[in-house]
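Data block below; observations after.
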Amino acid sequence: MLNSTEKYLRTEKLPHIWCPGCGNGIVLGAMVRAFEKIGCDQDNTVIVSGIGCSSRAAGYMDFNTLHTTHGRALAFATGIKMAKPELNVFVLMGDGDAASIGGNHLIHASRRNIDLTAIIFNNQIYGMTGGQYSPLTPLESFATTAPYHTIERSFDLPELARAAGATYIARSTTYHAAMLTNLIAAGAKHKGFSLIEAVTACPVSFGRRNKMGGGYDMLVWQKEHAVFVDKAKSMTPEQLQGKFVIGELYRTKAPEYTEVYDRLIAKAQGKSKGE
Ligand code: SF4
Ligand code: MG
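Laid out in structure tokens, this is it:
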């Protein structure tokens, strides 16, 4: 019997392009384990990605995959889901891709509550294009475009998605890879727009410039800065300063966009028949 790696990966495309110590492979591993967990049907699943190091993950997975343009993965995915709502559609994006160029698509996919599962690889930088700072780069970090450090506060992506209307929101890290697997599986099963932020390490374009050490040291950093959601509830904002919360952060029910759209079509057709 094939294991999940052999079943869900295009092993002939390996080795991957990622640098030594990069966390993208851990997120990819969490995804294939989540697919195994939910018994993902490869023929009825589409994986759409944007542009950047993390978006190369789609090409390594043996599904219907689409590597699109920068910031537009959610727009392509929305079109696919509208045309064939029965498909499972996953959307892979980096932090720059999702929150900057694709920021508008992100808030509107959240607002529509369209049944897509978005997995955002947050390595806190534009890795592939040379280390420019992104909307998720922490304040006072160094980047090629911030040689004296950034002066912008970063987005809290789960808060942004929640305010915009997403109905399943979670965050984990590559250190907490088993939790990441479970959260991706839960997000995939949720009916509506699911956003899972995966905090991951880019030792080359972010870690080196910010003196964070290599891939191992950045995993330790994740462990030391992540706070489980239950623990965070009893902590003050001061105690949470400089930390980030992980786990299932939010889940609610709301009408799903393609279902509402189908009802509208039925209504319009019913009306036209009656007229
Ligand atoms: Fe990973 Fe950073 Fe290298 Fe890209 S540049 S492959 S994100 S370590
Ligand atoms: Mg990035």
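Taking the working numbering, the leading residue of the sequence shown gets 296, the next gets one more, and so forth. Note that the Cβ used here is the ideal one computed from N, Cα and C, for glycine as well.
- If you keep only unbroken beta strand (DSSP E) runs of at least 3 residues inside the region 364 to 423, you get 383 to 389 and 412 to 417.
- For residue 509, the distance from the CB to the nearest heavy atom of the ligand SF4 is not below 8 angstroms.
- Put simply, the backbone Cα of residue 542 is about 6 angstroms away from that of residue 467.
- Using a Cβ distance threshold of 9 angstroms, residue 377 and residue 415 do not count as a contacting pair.
- Note that the region 403 to 419 touches the region 540 to 556; at least 3 beta-carbon pairs, one per stretch, sit closer than 8 angstroms.
- Burial state of residue 392 is buried, judged by a 10 Å Cβ sphere holding 16 or more other Cβ atoms.
- Take residue 464, set aside five residues on each side of it, and the residues of its chain with a beta-carbon closer than 6 angstroms to its own are 453, 456, 457, 490, 544 and 545, in chain order.
- A check of alpha carbon separations from residue 419 across 425, 412 and 433 identifies 433 as the nearest.
- By the Cβ test, the region 521 to 528 is not in contact with the region 439 to 449, since fewer than three Cβ pairs between them sit closer than 8 angstroms.
- Take residue 557, set aside five residues on each side of it, and the residues of its chain with a beta-carbon closer than 8 angstroms to its own are 380, in chain order.
- Here residue 383 is near residue 335, since their CB atoms are less than 9 angstroms apart.
- Applying a distance threshold of 6 angstroms between residue Cβ atoms and the heavy atoms of the ligand SF4 selects 313, 314, 317, 319, 348, 418, 422, 423, 497, 498, 499 and 500, given in chain order.
- For residue 340, the three-state secondary structure derived from DSSP is strand.
- When the five nearest sequence neighbours on each side are left out, the beta carbons in the same chain lying within less than 7 angstroms of the beta carbon of residue 319 are those of 313, 348, 349, 352, 416 and 495, in order along the chain.
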